[in-house]
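Here is the structure we will look at.
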Amino acid sequence: MDAVQAANSGHPGMPMGMADIAEVLWRDFLKHSPSEPTWANRDRFVLSNGHGSMLLYAMLHLSGYPLTLEHLKQFRQLHSPTAGHPEVEPHMGIETTTGPLGQGLANAVGMALAERLLAQRFNQEGLEIVDHHTYVFLGDGCLMEGISHEVASLAGTWKLGKLIAFYDDNGISIDGEVHGWFTDDTPKRFEAYGWHVVKNVDGHDREAITKAIRKAQKDPRPSLICCKTIIGFGSPNKQGKESCHGAPLGADEIALARQSLQWTEGPFEIPADVKEAWDATAKGQRVARKWHKLFKEYRKVYPELAAEFERRMKGDLTADFDGFAAQQLEHIAQGTDAIATRVASQRALNSLVERLPELLGGSADLTGSNNTAAKSSRWLVPGSYDGNYISYGVREFGMTAIMNGLSLHGGFRPYGGTFLVFSDYARNAIRMAALMKQPVVYVLTHDSIGLGEDGPTHQPVEHVASLRLIPNHEVWRPCDSAETWVAWVEALKRHHGPTSLILSRQNLPVQARPTLEDIAKGGYVLSDSATTPTVVLLASGSEVAIARTAQERLAAEGIQARVVSVPCLERFNAQSSEYRSRVIPAGTAVYAVEAGVRDSWVGLTGRIDRVLGMQSFGASAPAPQLFQHFGITADRLVAMVRSS
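So in our numbering, spot 638 of the sequence shown is number 1751, and the numbers just go up one at a time.
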């Protein structure tokens, strides 16, 4: 109440309504250590109804994490760690919370899956180093979002018994009492998914909550504990009403709530006995020390497994990865076959999956089209966790949000595939990966009108440009096998943000290039002019071949053109000005060609009319006809250069 009032902004209702549940979970069940927040075998706690973030901050402060009372007083203020909707800060005990509702549940499913997969890989008899729960708080809003269906269905199929969700069933959302728009039988819905459901738990009865958690911990299925709560519990005039959902209670109502709750302390005052009873520092140290002792014994008996576990939890690649990657690139560059970059990606994965056991792949029901399964991929099947590849079904949003949870947990580098056009379904989880700096990889195939006959609903036109707009997100659109390999390597070497690989369905010719080392810079001189260039032609992906043909035709007319391949605009723009000016000399006329909307390239060409691209949706026809029909051709590019 006090923090929201001080900020004059926030959501007091959910924290007050779920406080009793949080008290039982955090003080009696949650396995965590405030003095060592990131130890590997801690329980994970996810706040999917993340607008109630003051509840989490209160738990963290009282438990002994480095979240001070001053931080609570600065709730929602600039530069304070107590944001309105926090994303992730593991050193402060924040595993992740949901801004966009429902994604926290999806992240929790990913975390619970990570725990099961790591346990299968590393646990040995008597030395179970991976053994923890994932707890998630969620509300009506999370369950109304469609992503909750996608991921709850998968959690039941995967039998994630260490996933326990608490449903804040208070019957209120922003618009009021939900019976007018949310009448689902939630318990039956989750039972149908294969979950264990504990119904009608009084969310303000400590004993009832305790019994429900114990019951859930014993069941081999994921559990949903349905808690009947009163939003804004303790506020005499606003509890049970939407008025306390997302606005301060007001000074007068807070004074009445203090009387109702028999709380005599002033704002931000915590009695010494309460503080002592809450402090989890010593208890957490004992639990963490016990695990470290176990892991020390594990290291003695299984030194190689222990080293792999530590490396993977740190997120490090293998020590020899750079040398391996360089050697593979040299080999790939000698190839002569014209292949689709989705095929080049699969060939890359054949090498990478064998090399990196932390790679966990998957596809949203498009494995054969995305080419995301490697030769050594092993499918995850229900009840068995000896797999490194997931069929997510037709669940693009759920897949990408689960991948975020896998990454947040640690121990895995997840990648997942779908058609580029369906990245719209997944976009908000891609955005959250960028915001949370998670190094996940999206394999997005069928990259343009080049996919052909499926028509405009399946032909991405604006999607590459749209993905490039997401901050801290690298988008690679390679032109051949060498660039595809580099794109994969750079995606895996990137530790603080996601990467999208935009791959073709149609075969693309192998490009000769003067050097391999500059590919990783995102843009480089692929083919230079015989003399000083007067024109620079920029291109990505399949249109690099168009730029090279245009270069030859312009040369025949006495126009000296340089072709610059730009597989990753974000990476190229991050290079030094000195490097960029060497690639694109000042004063040179710059043109670009890409089979998508033109906006991405204006920053380099300076003019929209110097970008050859799409200005409409596509059409249904074979790919060569489409490129001719829409004028994405060398002839058109040459004419554009001539005319200006």
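Think of the CB as a built atom: it goes at the ideal place given N, C-alpha and C, for glycine as much as any other residue. Predicted, not measured: the structure shown is a model, and the values here were computed from it.
Decide if residue i is buried, meaning its Cβ has at least 16 other Cβ atoms within 10 Å, or exposed.
| i | result |
| --- | --- |
| V1387 | exposed |
| W1271 | buried |
| A1385 | exposed |
| E1423 | exposed |
| N1220 | buried |
| H1246 | buried |
| W1598 | buried |
| T1570 | exposed |
| G1511 | buried |
| F1730 | exposed |
| A1487 | buried |
DSSP three-state call for residue i: helix, strand or coil?
| i | result |
| --- | --- |
| S1336 | strand |
| I1515 | helix |
| E1443 | helix |
| V1553 | coil |
| A1705 | strand |
| L1650 | strand |
| M1114 | coil |
| Q1624 | coil |
| V1249 | strand |
| L1276 | strand |
| Y1528 | strand |
| L1430 | coil |
| V1201 | coil |
| L1191 | coil |
| T1209 | strand |
| K1341 | strand |
Between which two residues does the alpha helix (DSSP H) harbouring residue i extend?
| i | result |
| --- | --- |
| S1464 | 1454 to 1468 |
| I1367 | 1364 to 1373 |
| A1669 | 1656 to 1669 |
| V1264 | 1260 to 1271 |
| G1481 | 1480 to 1483 |
| T1394 | 1394 to 1414 |
| R1544 | 1536 to 1548 |
| M1131 | 1126 to 1137 |
| E1304 | 1299 to 1306 |
| D1748 | 1747 to 1756 |
| V1494 | That residue, V1494, is in no alpha helix (DSSP H); it is neither H nor E in DSSP. |
| E1183 | 1182 to 1186 |
| V1243 | Run containing V1243: none; DSSP gives neither H nor E here. |
| W1601 | 1594 to 1606 |
| S1694 | 1690 to 1696 |
Near residue i, which residues of its chain fall below 8 Å by C-beta distance, leaving aside the five closest residues on each side in sequence?
| i | result |
| --- | --- |
| E1136 | R1319 |
| V1507 | A1477, D1478 |
| T1628 | Y1637 |
| H1076 | Nothing in the structure corresponds to residue 1076, since the chain is present only between 1114 and 1757. |
| R1189 | A1120, S1122, G1123, T1195, A1196, G1197 |
Ignore the nearest five residues each way along the sequence and tell me which others in residue i's own chain have a CB closer than 6 Å to its CB.
| i | result |
| --- | --- |
| A1652 | A1660, V1706 |
| V1602 | A1438 |
| F1128 | Residue 1128 is actually Pro in this sequence, not Phe. Answer for P1128: G1165, M1167, L1168, listed in chain order. |
| P1380 | D1115 |
Got a sec? Which residues, its chain only, sit under 7 Å from residue i by beta carbon, not counting five neighbours each side?
| i | result |
| --- | --- |
| V1243 | N1154, E1228, L1231, A1232, F1235, N1236 |
| R1618 | A1453, R1455, T1558, H1559, G1563, L1564 |
| T1449 | V1623 |
| M1257 | F1295 |
| G1347 | M1129, A1370, S1373, L1374 |
| P1333 | K1272, G1274 |
| R1425 | E1471, G1524 |
Need the endpoints of the beta strand (DSSP E) that residue i sits in, please.
| i | result |
| --- | --- |
| I1322 | It is not in any beta strand (DSSP E) - I1322 instead sits in the alpha helix (DSSP H) that spans 1319 to 1331. |
| I1503 | 1502 to 1504 |
| W1391 | Not the beta strand (DSSP E): W1391 falls in the alpha helix (DSSP H), residues 1385 to 1391. |
| S1640 | 1637 to 1640 |
| H1309 | 1309 to 1315 |
| S1613 | 1612 to 1616 |
| G1217 | Unbroken run through G1217 is the alpha helix (DSSP H), 1216 to 1235; no beta strand (DSSP E). |
| G1716 | Per DSSP, G1716 belongs to no beta strand (DSSP E); it is in the alpha helix (DSSP H), 1715 to 1718. |
How about residue i: is its C-beta nearer than 8 Å to some C-beta of chain B?
| i | result |
| --- | --- |
| P1735 | In the structure shown, chain B does not exist; there is a single protein chain. |
*Taking contact to mean at least 3 C-beta pairs separated by less than 8 Å, is the stretch 1524 to 1539 in contact with the stretch 1489 to 1496?*
no
*Does the stretch 1628 to 1648 touch the stretch 1672 to 1684, meaning 3 or more C-beta pairs lie closer than 8 Å?*
yes
*Counting pairs of Cβ atoms below 8 Å between the stretch 1260 to 1268 and the stretch 1285 to 1295, do you hit three or more?*
Short answer: they don't touch.
*Given 8 Å as the limit, is there contact between the stretch 1454 to 1472 and the stretch 1601 to 1616, that is, 3 or more CB pairs closer than that?*
yes
*How do the stretch 1732 to 1739 and the stretch 1692 to 1702 stand: do at least 3 beta-carbon pairs fall below 8 Å, yes or no?*
Too few Cβ pairs lie closer than 8 Å, so no.
*Could you say if the stretch 1410 to 1421 and the stretch 1587 to 1594 meet the contact criterion of at least three C-beta pairs nearer than 8 Å?*
no
*Touching or not, the stretch 1564 to 1579 and the stretch 1481 to 1488, by the rule of three or more beta carbon pairs under 8 Å?*
no
*Validate contact between the stretch 1142 to 1159 and the stretch 1387 to 1405 using beta carbons, cut 8 Å, 3 pairs*: yes
*Touch test, the stretch 1311 to 1326 against the stretch 1336 to 1345, Cβ-Cβ under 8 Å, three pairs minimum*: The answer is yes - the stretch 1336 to 1345 touches the stretch 1311 to 1326, with three or more Cβ pairs under 8 Å.
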